[in-house]
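Asks:
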Amino acid sequence: MKKNILLIVVLCVCFSGSSQFNSNAPWMKELTAQKRSAGIEEPVKFHEIVDAFNEYWKDKDHTKKGSGYKPFKRWENFWKDCLNDDGTLMTAKQIWDAGLQKKASFNKMADQSNWIALGPDDFIDRSFSSANIGRVNTIIVDPVDPNKYYAGTPAGGIWKSEDAGASWVPLSDELPQIGVSAIAIDPVDTNIVYIGTGDDDANDTVSVGLLKSTDGGQTWNTTGLSFTISNGSKIGEIYLDPLDRNKVFVGTSSGFYKSTDAGVNFTRTLSADVNDMKLKPGDSNIIYAVSDNTIYKSTDNGDSFSIITNGLPSSSTRLAIDVTVADPNYVYILSAGSGSSFQGIYKSTDSGSSFTRTLTTQNVFGAGQAWYDMALAVSDTNPEELYTGELDVWKSTNGGDNFTQVNNWSSRTASYTHADIHFLRFFNGELFCGSDGGIFKSNNGGNTFSDLTEKMQIGQFYKIAVSKSNGKSKKMAGGLQDNGSFGLTSSGEWNVYGGGDGMDAAIDPNNDNNYYGFMQFGQNLWISNNGGVSQAASVSQPTGSSGNWITPLVMNKESELYAGYNAIYKLDGSSFVRVSPDFFGGSVDRLEIDPSDSDNMFVAINGVLYKSIDRGITFEVAESFGRSITSVNIHNSDSNILYVTTSGTSGKVYKSVNGGLDFTDITGDLPNVPKLVIKHQGSHSDDPLFVGTSTGVYRTDDTTPGVWEAFDNNLPNVPVRDLEINVNDANITAATYGRGVWQSEIPTQLAQEDVRLLAINAPGIEINCGDVTPSIEVRNNGVNAITSLDIEYVVDGNSNTTTWTGNINPSETQSIDLPQLSVDLGEHTLNIITTTSGDTNPGNNALSGTFITNASAVGIDINDFEDSGDDVLVVGGVWERGIPTGTNLNTATSGQNVYGTNLDGNYPDSNTSFLVSNCYDLTTIGSPILKFNMAFDIELDWDFVNIEYSTDGGLNWNILGTANDPNWYNSNTLPNNSNCFTCPGAQWTGRDATMKEYSYDLAAFANEESFIFRFNFVTDGGVNEEGVIVDDLQIEGNTLSIDDFENRPAFSLFPNPSSDIFNIQWRNATKVSYRVTDLAGKLISSRSGLNSSENTAQIDLSGYSKGMYFLSVSLDGIDKTMKLVRN
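For the sequence shown, counting from 1, position 774 maps to 1976 in our numbering; every step adds exactly one.
1. Compare the Cα-Cα distances from residue 1465 to each of 1442, 1482 and 1483 and report the closest residue.
2. Are the beta-carbon atoms of residue 2016 and residue 1768 separated by less than 8 Å?
3. Please say whether residue 1540 and residue 1567 have beta carbons closer to each other than 8 Å?
4. If you reduce the DSSP assignment to three classes, tell me which class residue 1259 lands in.
5. Excluding the five sequence neighbours on either side, which residues of its own chain have a C-beta within less than 7 Å of the C-beta of residue 2243, listed in chain order?
6. Determine the DSSP secondary structure at residue 1303, reduced to helix, strand or coil.
7. Hey, out of 2139, 2306 and 2001, whose CA is closest to residue 2225's CA?
8. Hey, quick one: how far does the beta strand (DSSP E) through residue 1579 stretch, first residue to last?
9. For residue 2312, which of helix, strand or coil comes out of DSSP?
10. Which one of 1332, 1668 and 1621 has the shortest CA to CA distance from residue 1707?
11. What are the uninterrupted segments assigned as beta strand (DSSP E) that are 3 or more residues long and contained completely in the region 1315 to 1350, given in chain order?
12. At what residue ranges does the region 1913 to 1980 contain a whole run of the beta strand (DSSP E), taking only runs of 3 or more?
13. Beta strand (DSSP E) containing residue 1469: first to last residue?
14. Return helix, strand or coil for residue 1292, following the three-state DSSP convention.
15. Cutting at 6 Å between CB atoms, please list the residues of its own chain near residue 2182, excluding the five before and the five after it.
16. In the DSSP assignment, the alpha helix (DSSP H) including residue 1728 goes from what residue to what residue?
17. If you pair each beta-carbon of the region 1847 to 1865 with each one of the region 1802 to 1814, do three or more pairs fall below 8 Å?
18. So, under 8 Å CB-CB, residue 2099 and residue 2134 are touching, yes? Tell me the CB distance rounded to an integer number of Å.
19. Would you please state the rounded distance, in angstroms, between the beta carbons of residue 2269 and residue 2297? I believe it to be under 8 Å.
20. What's the call for residue 1455, buried or exposed, on a 16-neighbour Cβ count within 10 Å?
21. Would you kindly report the start and end of the unbroken beta strand (DSSP E) that includes residue 1274?
22. Considering only their Cβ atoms, is the gap separating residue 1326 from residue 1695 smaller than 8 Å?
23. Quick check: what's the CA-CA separation for residue 1485 versus residue 1565?
24. Keeping to the same chain, check which residues put their C-beta closer than 8 Å to that of residue 2158; ignore five residues upstream and five downstream.
25. Quick one: measure Cβ to Cβ for residue 2237 and residue 2132, integer angstroms, because I've assumed they're closer than 8 Å.
26. I'd like to check one pair, residue 1952 with residue 1983: are the Cβ atoms closer than 8 Å?
27. Just confirm the distance between the C-beta atoms of residue 2222 and residue 1629, as a whole number of angstroms; I'd bet it's less than 8 Å.
28. Distance check for residue 1734 and residue 1892, CA to CA, integer angstroms please.
29. Determine the closest residue to residue 1907 out of 1943, 1926 and 1869, with distance taken between C-alpha atoms.
30. Express the C-alpha separation of residue 1379 and residue 1460 in angstroms, rounding to a whole number.
31. Decide if residue 1936 is buried, meaning its Cβ has at least 16 other Cβ atoms within 10 Å, or exposed.
32. Using DSSP with H/G/I as helix, E/B as strand and the rest coil, what is residue 1611?
33. Tell me which same chain residues have a C-beta within less than 6 Å of the C-beta of residue 1974, skipping the five on either side of it?
34. Does the CB of residue 1319 have a neighbour CB from chain D at under 8 Å?
35. List the DSSP bridge partners of residue 1451.
36. What did DSSP end up calling residue 1416 once you bin it into helix, strand or coil?
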C-alpha cells in the first residue's frame, strides 16, 4: 500500500531564476556572462546551453576520465525530450501539476497494475567490480540514534536506514519526481526532518523547495521555501541552529534563507549562489557560506553577511567549506580554478578572519569536473586531518600541506569508493562518502571503506531488454548511468557485464543467455553468453562511425543484431559491418525492427522517420513530425500498424495503419508531459498500448480510444525511460531513471484452448546423482478444460514424446512426471514442448533449461584420472584432465594424468571454475576422510582455490574446513584485507609446486547419503600463473556392514507426488522435526517434537498451490532434504 503523503503547497517565496544547468560549469559561466553583457534577461534556452557546451569543448579532450564531459551528456540526453515549445525546460510547477493530474486520472478506469521492484540493489561481482548501484548526493546521521541514516539521491528521492546502512527504505516514492541534495534533522525531536529537493550537482531533477516531515519521513509537507514558479533555484545545504531548533538556515542558488518559526516563513539575508555553508561548532552566531567564487561570514546568526578576502584566491569556479568540533576555530576552503581544476586548500585557525594557502601542490582532483562533484571533510577528532574528493578520495594529516591518495576508482580495493565524489562528512568519528556509485563509510581514517548501498534501488536506467521467451521475463539486460551494463541472471541475481555508462541492450530471442549492451556513444559492445553472469567478448565501435550518447541496439527474430550509428551497422562475428549509406541528418536516434517481418525497419533522426523494406540497405522518408521522435514501436502481428511518440511537453502519440504512409494523433487525454516510450501488447484483440512518461506509465486500448489510464500502482513517481512486454508471462517491465527496474502483470485475453508450460520442476539446478525423472508444471490458460497433452522433451537434440491424459480445468495447474532418463555425466540441455488440440498461443508452450548429471563413486577407491572413465564434472571450463607440462607444475602423483587448470600454460583471468567430485554416500563408509594430492602456483593474495561441499545436490555450497584445520588451507585472509579482495578466509594461495597429500576428516558428515565436494578456483582480472593440479582423489574409510547401515537414522516419504496428504515414516531416531518450504524458501509447514514411538506423521498440503516444494527432516540432529510435489 502506498503511504499517505500530505503535501500542502504554500507559495511563500518564489523565484524567477533562469539557470537551467549547474551554474558552476565553465560553459555556463561564459553563457551567463554573454547574456548579462547583452542585457538579455529571458530564461535560457536548452539549445543555448548545448551550443555553449559544444563551443567550450571543441578544442578539448573529452575522453579523459573525469573531464566533466559525460555528466553534461547525461543531462542533455534526458532533458532534450523534456522541453517546452519555447525551448525552455519544464518548470517545477509543470512537473508538480502533472503529478496532480495523474492522481486525478485514477478515477477514470480501474488501474490493474501492481508493480514490484526488481532491483538492482546488489550484484554478484560487487566485491571486485568498479561498478556499483547509483549516485548519492548527501547523507546524514540521526543525532540521537547513530544507527539511523538518511540519504538523498539525484532522481530516486530520500532513503532511510535504521540499522546503520544494512538495509534501506524509500520515503518519497509518492512525491513527483524529486531528487534530494540536502538533509537536516531536528536535534531535539529527530522525527522532524527537512530535505532540500532537486539535484544541485547535475540537475537530473528540479527543486520544488524545502520539504519537512514530522514523522520520520513517512509524510512530507512543503514549507515557506517553495520553488513552484521556476526550476531556476536549487538547495545545496540545510542546517538547524543547535540552540534554537526553530531557526532553519538554507543555502540555495538564489541566496541564504533563514526561518525563525521552523520553516513556516523564510527571509533571504544574502543574495548569492550559496552552494555550501557551515555553522561554527559551539557558536551558531557565526555562519560561513560560499558561492562559486566568494566566501561570506555572518556573526549575527545569519541576519547579515560580510565578504572574506584575506588570504583567499581572487577568483575561483567552485568552493567547498568545512569546520570541525575538534577545534572550532579551524576553517578549511577547497577551491577549484579555471576549467574546474584544482586550485588549492585554504586554511584558517581564527574562525575565518584570515586564511593561508596550504603547501600542497598535488592535484587532489585528478580530473577537471569540479563543477559536477567536489567535496571536503575535516575529521571531528583531529583538526589537521582532512579529506578531499572529486574523482577519488585524498587525505592529509598535516592540515593540507601534503596529501596521499586514499583510493582509485578503477580498483575495488579495501579503500574503494566509486568514482565522482559528491559528499564527504564526518559523523561520530566515521567518514561518510557519497559518490556516483552510492554510499561508503570508513571508521579507520580511510584505510578501508564499507559499501552501504546494498538494498538501495536507485539505478538511473537508460534502456532495458527483456527475454520474450515463456517463463523468462526475469531475464533482462539494461544500461545504468555511470555504472555499466547490468544483467538479471537466471538465478535471479543482477551482475555487471560491461563498463562505462550502460546504454541500450538486446537479448537474443533464440538463446536468451546471450546478452548485448552498449556503452556511451556505442564505443563498445559488451557481450555475455551466460545470461549476464560475466562478459564473454566485446566489439569496438566501427571505424569512421559516430553514434549518439544512446546508440540504438536492436536484434531481429532471426538473431541478427543491428546498431544505429550515422548509418545502420550489423554485427558480423566479432565486428560491425555497414549495411546502409550515411544518414545526412546525423546519427540515428531510434531504431525499430518489425517483429513479424525483419525486412521492415524504421529509423528516426530528430523528427524525421525513415523506412526500409530491405533490412536497412535502403531507406525512404516516411514522415516528418516537426519535433524529435522519442519512440517507435511496430504492432506485434500486423506490419502495417506502427506507433510513434514525439518529444516535449506538447509531444504527441501517433498511429499509422498503412505502414507509415499516414499518421493519426491518438494522444487523447494524456497529460502534457514528455512521452518517452511506447509499447504495443500482442495477442490481444483490443491492441493495448502502454506509454512511459516523465511521471509514470499510462495505458489505453481500442475499447476506449483517446482515453488513457494511469497504470502505476506502487510505481514510484519517476521518469520511465523504457518499457518491455513479455506476452507469454503476461507482464510489463519498466526501466526508470532513479528507481531501477520494476515489473507488473498486465491484463490478458483468454483463448478457447491454451496450455502454458509454467515450469520444469525437475531436473533443476541441483546436481543429479544418476538417472533423472523430468517433471513439469502446466497451466490451463484457456476457456475450455484440457483433457490431453502431447509432450515432446528433447535432451541434447535427442527427441522423446509422451502423451498425458486427465483433466485440467481453466486457471488450474497440473504437475506431470515424464519417463525416466539415463544420460551421461555432464551438463545437458532439456527442451520441452507441450501442446493441446486447438491451442492458438504456441508462444507459451515451450521451456528450456540445463541440468547436470553426476556419477556415484565408491569412496574407498582412488581416482588417479588415468582413464576416460575417471572423468569428473567440470564447470567453468578451466579444469582439464591430462599430462601436466608446466614449468612449475609438471608431476603426477601416480601414472601420468592429473586434473589441472590449463595443463600447458597459465590460467585465464576473471574466471571462476569448479572441479566437482562424484556423489558419495557417506553412510556406507566408516570414518570417512577426504584425501587428494595437489600442487599449485597461484597469484598470491589475488587468486585462490579452496574446497566447497554440498549435501543437497548442489543447491547450496559451503566451505569445507578452515585454515586452522591440520593439513589443510595455507591462508585465512579475509576480503578487504591485504590484497585478497575475493578471499573467503579459508583458501590456498601463492605457490607450493610440490605434489603433497591433503586430507580432511569427514566424520561430521558421516550420515550424509549424498555428499559432493568441489575445487573452487577463482581468479581476478590481472596477472596469472600456472594454476592448480590435483591427483589421486578418494574418500578413505571402512566399508560398513549391513548391521551398521541399518542402525542409522533414515526416513521415507509416500506418496510423492500427492494431491494433498504426504506420509513421513522414520526409523532409529528419537528427536524428529520437519519443515516444508516453497521454491522461494518461504516456510509452508513445520512440526517439531514428533512422537518417536509412532515413527510416522502426515503433511497436509491441500490448501496450497500445485507444484514442487522442499521437505527437510531432522533426525536426531541430522538434516535430510528431498523434493515434494503436489499434483
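Just so it is clear, CB atoms sit at the ideal spot from N, CA and C, and this is done for glycine as well.
Replies: Judging by the given coordinates:
1. Answer by Cα proximity: 1442.
2. One thing to note: residue 2016 has its Cβ no nearer than 8 Å to the Cβ of residue 1768.
3. no
4. If DSSP states are grouped into helix, strand and coil, residue 1259 belongs with the helices.
5. Confidence at residue 2243 is low in this model, with a pLDDT of 47, below 50, so the placement of that residue is unreliable and no value is reported for it.
6. helix
7. 2139
8. 1577 to 1580
9. strand
10. 1668
11. 1318 to 1321 and 1340 to 1343
12. 1922 to 1928, 1933 to 1938, 1943 to 1947, 1957 to 1964 and 1969 to 1971
13. 1469 to 1472
14. coil
15. 2143 and 2175
16. From DSSP, residue 1728 is part of no alpha helix (DSSP H) but of the beta strand (DSSP E) over 1726 to 1730.
17. yes
18. Their Cβ separation, rounded to whole angstroms, is 14 Å, which puts residue 2099 and residue 2134 out of contact at 8 Å.
19. 6 Å
20. buried
21. No beta strand (DSSP E) contains residue 1274, which is instead part of the alpha helix (DSSP H) from 1271 to 1281.
22. yes
23. 34 Å
24. 2152
25. 6 Å
26. yes
27. About 33 Å separates the two Cβ atoms, so there is no contact after all.
28. 27 Å
29. Distance from the Cα of residue 1907 is smallest, within the candidate group 1943, 1926 and 1869, for 1869.
30. 26 Å
31. The residue is buried, with at least 16 neighbouring Cβ atoms inside 10 Å.
32. coil
33. 1965 and 2023.
34. No chain D is part of this structure, which consists of one protein chain only.
35. 1441 and 1460
36. In the structure shown, residue 1416 sits in coil (DSSP, three-state: anything other than H, G, I, E or B).
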